[in-house]
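Heads up: the structure comes next, in structure tokens.
Following this line, the structure appears as structure tokens:
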């Protein structure tokens with residue numbers, strides 16, 4: 359298949375792209391792109407395009423790689439709009455969490471749901487995310503908080519992979535919060551949730567690629583987090599970390615120490631954390647939807663880029679701290695509030711997001727041999743897309759060379 | 359027509375609602391609402407509903423008044439995404455404006471467009487706004503900056519009124535920016551644009567209800583603004599004012615002095631300005647999309663509410679400083695960043711927005727005799743709507759008792 363009439367092709371190279379590389383992607387005006395067996399076979403100026411019997415027109419629109427959302431809490435059940443109202447009336451997220459609200463409310467809803475119910479509730483979310491341009495998405499467990507309920511969440515993700523076009527990458531987040539029945543016994547919970555037999559089962563059944571921990575004030579400390587991540591590593595699950603969101607407790611330094619593929623949140627990151635990520639080659643995943651939704655300070659993302667880190671962006675879609683499923687919303691916040699350029703934002707949501715979930719060799723780039731995951735926009739430039747918050751400019755979504763969504 | 363199966367009816371009373379009144383609207387669970395001749399005839403608990411041969415189900419959803427957007431710069435032509443990129447690379451809005459960019463670029467595009475072209479380009483914008491739930495919208499001239507081109511914009515608004523369901527209220531904003539041909543001669547421009555014959559023609563042809571001025575650093579000073587607004591008043595056009603956005607130059611005090619129906623922006627409002635608005639009974643129209651889009655400090659909106667002012671919210675939809683047509687986006691910013699409660703946000707986008715454009719006696723409220731402009735949401739509560747940024751929860755839009763939009 360030859361995608362023709364591309365007004366402008368944004369040539370994002372494979373990630374991770376560090377610092378100034380994030381502003382470097384080339385643009386080809388009047389381009390074409392050939393797909394073979396679901397992969398990019400060729401791209402370049404239209405007049406040099408190879409012959410191809412199957413031609414699809416991009417209608418003069420801009421073409422970019424399909425978006426990658428590298429940090430979501432799908433699948434979840436229930437909703438917490440009451441808590442949202444309480445926060446707007448002045449209560450803090452941490453205070454609500456300590457009063458038995460927050461994650462525990464979602465835990466109860468997830469425990470009460472069957473695997474089929476989890477699939478049914480989360481399928482429409484993924485279907486909407488596709489229309490915003492997401493073609494690859496990370497999903498986490500972490501609301502079950504028993505071996506059985508965590509496995510149920512991971513199996514729901516496995517089923518969701520087969521029910522819709524978005525490629526899903528699973529993460530085991532057993533150490534997400536301390537459930538009520540373990541109150542006062544966090545180390546016992548850590549033992550249970552990082553039981554080597556459980557971790558081996560998750561790896562053997564290919565239920566997750568990564569192991570993640572919420573390492574923060576009100577969640578788990580550095581020692582507890584290290585224990586879980588090391589056991590995960592022994593079972594073949596690569597570490598990820600929720601780090602430096604609410605308070606600076608050394609979480610990002612731990613991420614570097616264990617060679618985490620990414621450290622996520624980073625609102626309170628310090629110089630030691632930045633050095634640790636640089637040393638380990640970890641991706642810095644910034645979640646401005648969370649700081650927007652909670653009304654807290656954004657992560658100083660420019661500082662991370664200037665420090666030479668590869669920065670990715672994500673929704674952190676979850677029912678408590680970022681009830682935002684639309685990655686385009688995050689891209690607008692990143693431009694207008696984090697003051698990233700449109701090109702930096704695109705790289706952060708494609709090449710670097712792919713690197714944050716170990717898929718940079720296959721998705722998130724316009725590169726020969728990469729999967730043909732593409733978006734056709736109804737704009738003349740990348741900047742025009744991000745200049746239009748609140749309006750979906752994605753006209754066509756292509757996954758592995760097939761059109762999987764077209765705007766009405 | 360009887361609207362039945364309303365899960366929750368949010369009973370917003372007619373505006374303006376000041377201070378704590380903004381949190382007071384009642385909620386009726388299990389409600390019904392009767393429409394007659396396009397107006398609300400009755401509402402209350404479903405079991406007390408009158409007989410009606412025509413019944414429409416709200417499907418258990420929440421029902422609120424149709425949204426009112428009281429400050430937009432529709433109709434405009436052209437786009438300024440290049441300037442958006444320059445700002446993200448570090449240039450200020452004011453610097454771009456002073457270098458011949460900004461409003462002047464749009465002025466050229468509007469001057470180059472015919473009235474028909476203005477209608478054609480802006481009609482889809484209004485059609486999309488309807489899907490977000492807007493049933494009444496203010497539109498301004500202000501990009502023509504000659505008598506002829508200003509009249510062309512106002513006539514385009516008059517035509518747009520007849521082409522789609524949103525009720526449009528027009529404002530004359532001749533003193534929006536100094537066009538290049540008047541460089542160094544602002545007072546000559548003010549004379550031309552506030553020529554009594556022109557203002558009388560606008561009023562006589564019913565082309566506008568209000569006269570507005572951009573009174574700020576880089577635009578027009580207080581004396582120039584006063585002259586325009588007073589002449590507008592003499593022609594029967596009620597004053598409005600762009601005030602205290604970029605710099606504190608006494609604009610809001612002027613708004614009070616001339617009895618403006620609203621003062622809009624207010625990022626830099628001071629105590630004297632607050633007192634002036636209170637004295638004049640003006641509505642404070644806050645435009646957080648602009649501060650979001652420009653990356654500047656938001657207006658301290660809580661302070662205005664605590665001072666007892668009626669606060670309204672609006673998109674300020676325009677191609678330079680707030681290219682956001684989606685009022686739901688503004689509502690989310692107002693919750694998450696201005697820390698307004700969902701009820702305050704709804705009042706600010708209905709009853710108080712209606713008051714800001716002199717329509718409080720007719721729209722923006724659930725009140726017997728008011729126009730039946732209603733939204734049916736696919737949520738169980740108002741909070742659930744605002745808790746879901748980035749996803750359109752409006753299922754049905756009703757204007758004067760008629761269904762004018764239904765989500766697919």
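Protein chains in written order, with the working numbering: chain H, 359 to 766; chain X, 359 to 766. No residue lacks a Cβ here, since even glycine has one placed at the ideal position from N, Cα and C.
Report buried or exposed for residue 541 of chain H, applying the criterion of at least 16 other Cβ atoms within 10 angstroms of its Cβ. Residue burial is scored here from C-beta neighbours: residue 541 of chain H has fewer than 16 other C-beta atoms within 10 angstroms and is therefore classed as exposed.
In chain order, what residues of the same chain lie with their CB nearer than 6 Å to the CB of residue 603 of chain X, ignoring the 5 residues before and after it? 574, 623, 625
Just to confirm, is the Cβ distance from residue 733 of chain X to residue 703 of chain X under 7 Å? no
Can you list, in chain order, the residues of its chain whose CB lies under 8 Å from that of residue 823 of chain X, leaving out five sequence neighbours each side? Here chain X covers residues 359 to 766 and nothing more, so residue 823 of chain X does not appear.
With a threshold of 7 Å between beta carbons, is residue 439 of chain H in contact with chain X? Using a CB distance cut-off of 7 Å, residue 439 of chain H counts as an interface residue toward chain X.
Considering only residues of the same chain and omitting the five flanking positions on each side of residue 524 of chain H, which have a CB-CB separation below 8 Å? 484, 487, 488, 492, 493, 494, 495, 757
By DSSP, does residue 388 of chain X sit in helix, in strand, or in coil? Residue state, collapsed to three classes: strand.
Whose Cβ in chain X lies nearer than 7 Å to the Cβ of residue 748 of chain H? 682, 683, 684, 687
Quick test of the definition: if touching needs 3 or more C-beta pairs under 8 Å, does the region 410–418 of chain H touch the region 641–660 of chain H? no
Whose Cβ in chain H lies nearer than 8 Å to the Cβ of residue 446 of chain X? 693, 697, 698, 699, 700
Hey, could you find the ends of the beta strand (DSSP E) residue 497 of chain H is sitting in? 492–498
Mind listing the chain H neighbours of residue 651 of chain X? Cutoff is C-beta to C-beta under 7 Å, in chain order. 694
Quick one: is residue 406 of chain X buried, meaning 16 or more other Cβ sit within 10 Å of its Cβ, or exposed? Exposed, since its Cβ has fewer than 16 Cβ neighbours within 10 Å.
Going along chain X, which residues have a C-beta under 9 Å from residue 739 of chain H? 439, 440, 443
Residue 385 of chain H to residue 438 of chain X, Cα distance in whole Å? 19 Å
Name the chain H residues whose beta carbon is nearer than 8 Å to that of residue 742 of chain X? 437, 439
Which residues of chain H have a Cβ atom closer than 7 Å to the Cβ of residue 745 of chain X, listed in chain order? 439, 442, 681
In chain X, which residues lie less than 8 Å from residue 350 of chain H when you measure between Cβ atoms? Chain H is shown only over 359 to 766; residue 350 of chain H falls outside these bounds and no answer can be derived.
According to DSSP, is residue 618 of chain H helix, strand or coil? coil
Buried or exposed, going by whether 16 or more other CB atoms sit within 10 Å of the CB of residue 630 of chain X? exposed
Do you know whose CA, among H:608, H:433, H:388, lies nearest residue 421 of chain H's CA? H:388
Rounding to the nearest angstrom, what Cα-Cα distance links residue 475 of chain H and residue 648 of chain X in this structure? 41 Å
Hey, could you find the ends of the beta strand (DSSP E) residue 427 of chain H is sitting in? 425–427
Residues near residue 601 of chain X in its chain [Cβ-Cβ closer than 7 Å; skip 5 each side]: 573, 609, 610, 613, 621, 622, 623, 624
For residue 764 of chain H, does the count of other Cβ atoms within 10 angstroms reach 16, so buried, or fall short, so exposed? exposed
Of the residues that make up the region 393–418 of chain X, which ones have a beta carbon closer than 9 Å to any beta carbon in chain H? none
Which chain X residues sit within Cβ distance under 8 Å of residue 486 of chain H? Those are 749, listed as they occur along chain X.
In whole angstroms, give me the CA-to-CA distance for residue 419 of chain X and residue 455 of chain X. 46 Å
Select from H:444, H:670, H:507, H:459 the residue whose C-alpha is nearest the C-alpha of residue 641 of chain H. Nearest to residue 641 of chain H by alpha-carbon distance, out of H:444, H:670, H:507, H:459, is H:670.
Using a Cβ-Cβ cutoff of less than 6 Å, which residues in the same chain neighbour residue 774 of chain X once the five nearest sequence positions on both sides are dropped? It is not possible to answer for residue 774 of chain X, since the shown part of chain X is limited to 359 through 766.
According to DSSP, simplified to helix, strand and coil, what is residue 434 of chain H? coil
Is it buried or exposed for residue 726 of chain X, if we count other Cβ within 10 angstroms and need 16 for buried? exposed
Euclidean distance between Cα positions of residue 583 of chain X and residue 635 of chain X: 17 Å
Just the Cα atoms here: how many angstroms apart are residue 646 of chain X and residue 433 of chain X? If I take the Cα positions, the gap works out to 21 Å.
With DSSP as the reference, label residue 725 of chain X as helix, strand or coil. Taken through DSSP and simplified to helix, strand or coil, residue 725 of chain X comes out as coil.
Do you know whose CA, among H:745, H:762, H:749, H:478, lies nearest residue 441 of chain X's CA? H:745
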